[in-house]
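Enquirer: Right, I'll just put the structure down here and ask away after.
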Amino acid sequence: MCHDNLPLLEVDNLSVSFRMYDKAFEQRDLKVIQDLTITVNKGEILAVAGSSGSGKSLLAHAVLGLLPQNATVGGRIFYKGRPLDVENQRKLRGSEIALIPQSVTYLDPLMQVGKQARGADKSPKRLRRQREVFQRLNLTRQTEKLYPFQLSGGMARRVLFSTAIITDAELVIADEPTPGMHLDQALEALSILRELADKGKGIILITHDIDLALQFADKIAVFYAGTTVEELPVADFAKGPGALRHPYSKALWHALPQNDFMPIEGFQPYAGDLPEGCLFAPRCPLKTSECEAENPPMRKLRGGKVRCVHAS
Amino acid sequence: MHLEANNIYFRYTSKTPFILKKVSFSIGEGERVGVVSPSGYGKTTLVKILAGYEKPTKGEVLLDGKPLDPKGILPVQLIPQHPESSVNPRWKMQKVLEEAGQLRSEVMSAMGIEPEWLDRYPRELSGGELQRFCVARALCADTRFLIADEISTMLDVITQAQIWRYILSEADRRGIGLVVVTHNPALAERVCARIVDLRDINHIEQEPK
Chain A
1 MCHDNLPLLE VDNLSVSFRM YDKAFEQRDL KVIQDLTITV NKGEILAVAG SSGSGKSLLA
61 HAVLGLLPQN ATVGGRIFYK GRPLDVENQR KLRGSEIALI PQSVTYLDPL MQVGKQARGA
121 DKSPKRLRRQ REVFQRLNLT RQTEKLYPFQ LSGGMARRVL FSTAIITDAE LVIADEPTPG
181 MHLDQALEAL SILRELADKG KGIILITHDI DLALQFADKI AVFYAGTTVE ELPVADFAKG
241 PGALRHPYSK ALWHALPQND FMPIEGFQPY AGDLPEGCLF APRCPLKTSE CEAENPPMRK
301 LRGGKVRCVH AS
Chain B
1 MHLEANNIYF RYTSKTPFIL KKVSFSIGEG ERVGVVSPSG YGKTTLVKIL AGYEKPTKGE
61 VLLDGKPLDP KGILPVQLIP QHPESSVNPR WKMQKVLEEA GQLRSEVMSA MGIEPEWLDR
121 YPRELSGGEL QRFCVARALC ADTRFLIADE ISTMLDVITQ AQIWRYILSE ADRRGIGLVV
181 VTHNPALAER VCARIVDLRD INHIEQEPK
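One line per chain: the protein sequences are A and B, in this order. Counted the way my numbering counts, the first sequence spans residues 1 to 312. Counted the way my numbering counts, the second sequence spans residues 1 to 209.
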């Protein structure tokens, strides 16, 4: 059985690659995640922020074993100290580990949403729980009987959100749960996640709404080009660029509309064409020859972790 | 050019309640209008009607005093909220850009579209990557009004700032009117000159779901 001091989820040096066809019958592996390490403890919300296409959703899918067949997964994933293999994933997903998927297309278009939210469990207890959750998310009784196409974007999001928290999962992976929700509803949804965490569950909150995440999360992992570049306590982000460690995290801060709305130049490198050395170097203001030699390892710094030789 | 919606009513069937009731809205050339409200007040329905995707149950949408022309490229272009369900799943991305006449290197580099993506199908791209294509094709040469329905929620903040700066500079250069639906107050303040709250102009009686 599990011990309380073990982290709920440990992802250690995860890598994910896709086998793709190049020309005719030539195949190659496209590495989309490398050296990715995160830890989620009980009672904790880990916010995952970072570039679009940096592998945030892939991380969620790798933990749940939902990657397509042409994917190869390296590294180790532990759930309550035990390796999470294919058999365990099948057993645990939906019961102990729940996903709030990113896209509203995950809803079954031919099933009433109340029924979808309850899932296979037909018990009155589940029905009560579903109504309770719908009510908290401001979805009326009539909504239960609607089909997904009759819902507004924000309502569909709230239904998706409810599907995962109706279960008694120990670990909830929320993949961008709030876009399309109005601010009040997004705050309510995130406070439900906070309550779950306070009851001892673990939450991974993948989000672009950094300002919202700040109010609820305990720590943030910043992703770039398929790897973690910084892990920091949430308070540091609120303090501003001075308290941040990695130049990419600082760039995120400056791009927020409430700060400068000023993007840095350039784009995240394409997975098939990664630079040698530090992945952020081509866009980095601090770049030196040292950065191009090798991708720096994560190191501890001021109560967080950073993957940068210049950070101080 | 001038785009207006006069006394719009909308409901899906005669048995379901009205989603929009007596809604009037107008926007002039080069204007930037934000549309806000809690979800369920009909923001997306209104912009779909403005862009000709839905017909109002009652009322009319006029472009320079004339109804929208169903033939040819409509000068009112909508960038949808969910890119994954608005791109033809059987087309490679190259064809998506070609259709809009936007397969040009300056558009692609401004939007950060990698040449490798052109050879992929929509399901092989992330939501944020796909959204760049939707923005690019909506900014085609004939566009006079651009409607952005929550376009940046799935983008990281750096990409969001990049795309918005590109949209704003194109809108300025070409005198395109912008309708911006957003839940993000900070973004609305940055991008829009005027803000319309649907709670004030949509006359539905009961609290929406």
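Glycine included, C-beta positions come from ideal geometry on N, C-alpha and C.
(1) Sort out for me which residues DSSP pairs A:Glu10 with in a bridge.
(2) Leaving out five residues on either side along the sequence, give the residues of the same chain with a beta carbon under 8 Å from the beta carbon of A:Asp362.
(3) For B:Ser14 and chain A, any beta-carbon pair shorter than 8 Å?
(4) So the beta strand (DSSP E) A:Arg299 belongs to, where does it begin and stop?
(5) Given A:His182, which residues of its chain have a CB within under 7 Å of its CB, disregarding the five upstream and five downstream residues?
(6) In or out: A:Asn70 buried (at least 16 other Cβ within 10 Å) or exposed?
(7) Quick one: Cα of B:Glu99 to Cα of A:Phe261, how far?
(8) Name the two residues that bound the continuous alpha helix (DSSP H) containing A:Gln185.
(9) For A:Gly75 and A:Leu14, which I take to be in contact (beta-carbon distance under 8 Å), what is that distance rounded to the nearest angstrom?
(10) To the nearest angstrom, how far is the alpha carbon of B:His2 from that of B:Pro70?
(11) Measure from the C-beta of A:His61 to each C-beta in chain B and report whether the shortest distance is under 8 Å.
(12) Per DSSP, what kind of secondary structure is A:Asp218 in: helix, strand or coil?
(13) Taking A:His208 as the query, report the chain B residues whose CB atoms sit under 8 Å from its CB, ordered along the chain.
(14) Whether or not the stretch 246 to 253 of chain A and the stretch 294 to 312 of chain A are in contact is what I'm after, with contact meaning three or more pairs of Cβ atoms, one per stretch, closer than 8 Å; do they touch?
(15) Do B:Val180 and B:Ala141 have their C-beta atoms closer together than 8 Å?
(16) Any beta carbon from chain B within less than 8 Å of A:Glu231's own beta carbon?
(17) Are the CB atoms of A:Leu301 and A:Arg245 nearer to each other than 8 Å?
(18) Quick check: what's the CA-CA separation for A:Val63 versus B:Arg120?
(19) Could you say which of B:Gln102, B:Ile195, B:His203 lies nearest to B:Asn184 if we only look at CA atoms?
(20) Nearest to A:Pro285 by alpha carbon, out of A:Gly277, A:Leu58, A:Ile264, A:Ser52?
(21) Would A:Val32 count as contacting chain B if we go by Cβ distances under 8 Å?
(22) For A:Pro148, tell me which candidate among A:Gln116, A:His310, A:Gln135, A:Ile165 has the shortest Cα-Cα distance.
(23) If you draw a straight line from the alpha carbon of B:Ala138 to that of A:Gly53, how long is it in whole angstroms?
(24) Anything in chain B within Cβ reach of A:Met262, meaning under 8 Å, just list it in chain order.
(25) Under 8 Å by Cβ, that's how I've got A:Gly65 and A:Val86 pegged, so tell me the actual separation to the nearest angstrom.
(26) Once the 5 residues before and after A:Glu294 are set aside, which same chain residues still bring their CB inside 7 Å of it?
(27) Taking B:Ala186 as the query, report the chain A residues whose CB atoms sit under 8 Å from its CB, ordered along the chain.
(28) Taking only the alpha-carbon atoms, compute the straight-line gap between B:Ala5 and B:Ser26 and give it to the nearest angstrom.
(29) Give the straight-line distance between the Cα atoms of A:Phe223 and A:Ala49, rounded to the nearest whole angstrom.
(30) Indicate whether B:Pro89 and B:Gly127 have their beta-carbon atoms separated by less than 8 Å.
(31) Along the chain, where does the beta strand (DSSP E) that runs through B:Ile19 open and close?
(32) Nearest to A:Gly81 by CA position, among A:Gly55, A:Asn5, A:Gln258, A:Pro269, is which residue?
(33) Does the beta-carbon distance from A:Ala197 to A:Leu214 come in below 8 Å?
(34) In angstroms with no decimal places, state the Cα-to-Cα distance between B:Cys192 and B:Ser169.
(35) Can you grab the Cα-Cα spacing for the pair A:Gly266 / B:Ala171, in whole Å?
(36) So if I threshold CB-CB distances at 9 Å, which residues from the stretch 93 to 114 of chain A count as touching chain B?
Expert: In terms of the structure at hand:
(1) By DSSP's assignment, A:Glu10 forms a beta bridge with A:Thr39, A:Phe78.
(2) Because residue 362 of chain A is not part of the residues shown, which for chain A are 1 to 312, the question remains open.
(3) Output row for B:Ser14: interface = no.
(4) Where A:Arg299 is concerned, the enclosing beta strand (DSSP E) stretches over 299 to 301.
(5) Correct list, in chain order: Gly154.
(6) Per the 10 Å Cβ criterion, exposed.
(7) The C-alpha of A:Phe261 is placed about 32 Å away from the C-alpha of B:Glu99.
(8) Looking at the DSSP string, the run of the alpha helix (DSSP H) that includes A:Gln185 is 183 to 198.
(9) Approximately 4 Å separates the beta-carbon atoms of A:Gly75 and A:Leu14; this is inside 8 Å, confirming the contact.
(10) Between B:His2 and B:Pro70, the alpha-carbon positions lie close to 18 Å from each other.
(11) Not closer than 8 Å to any Cβ of chain B, the Cβ of A:His61 fails to qualify, so no.
(12) For A:Asp218, the secondary structure class from DSSP, reduced to helix, strand or coil, is coil.
(13) Under the 8 Å cutoff, chain B gives Thr153, Met154, Leu155, Asp156, Val157, Gln160.
(14) Yes, the stretch 294 to 312 of chain A is in contact with the stretch 246 to 253 of chain A.
(15) The Cβ-Cβ distance between B:Val180 and B:Ala141 does not fall below 8 Å.
(16) No, its Cβ sits nowhere closer than 8 Å to a Cβ of chain B.
(17) Yes, the Cβ-Cβ distance between A:Leu301 and A:Arg245 is below 8 Å.
(18) Taking the straight line from one Cα to the other gives about 25 Å.
(19) In this structure, B:Ile195 is the residue among B:Gln102, B:Ile195, B:His203 with its C-alpha nearest to the C-alpha of B:Asn184.
(20) Among A:Gly277, A:Leu58, A:Ile264, A:Ser52, the Cα nearest to that of A:Pro285 is on A:Ile264.
(21) Look at A:Val32: its C-beta is not under 8 Å from any C-beta on chain B.
(22) Closest in C-alpha terms to A:Pro148, from the list A:Gln116, A:His310, A:Gln135, A:Ile165, comes A:Gln116.
(23) Using only the alpha carbons, I get a separation of about 22 Å.
(24) Simply Ala161.
(25) That pair is a contact at about 6 Å.
(26) Excluding sequence neighbours, A:Glu294 sits near Gly277.
(27) Per Cβ cutoff of 8 Å: Asp211, Leu256, Pro257, Gln258.
(28) Rounded to the nearest whole angstrom, the CA to CA distance from B:Ala5 to B:Ser26 is 6 Å.
(29) So the two alpha carbons sit approximately 6 Å from each other.
(30) B:Gly127 is positioned such that its CB atom lies no closer than 8 Å to that of B:Pro89.
(31) Per DSSP, B:Ile19 lies in no beta strand (DSSP E) segment and is marked neither H nor E.
(32) The option with the nearest alpha carbon to A:Gly81 is A:Asn5.
(33) In this structure, A:Ala197 keeps its C-beta atom at 8 Å or more from the C-beta atom of A:Leu214.
(34) Straight-line measurement puts the Cα of B:Ser169 at about 13 Å from the Cα of B:Cys192.
(35) Cα to Cα, the separation comes out at about 22 Å.
(36) Residues passing the 9 Å Cβ filter: Gln102, Ser103, Val104, Thr105.
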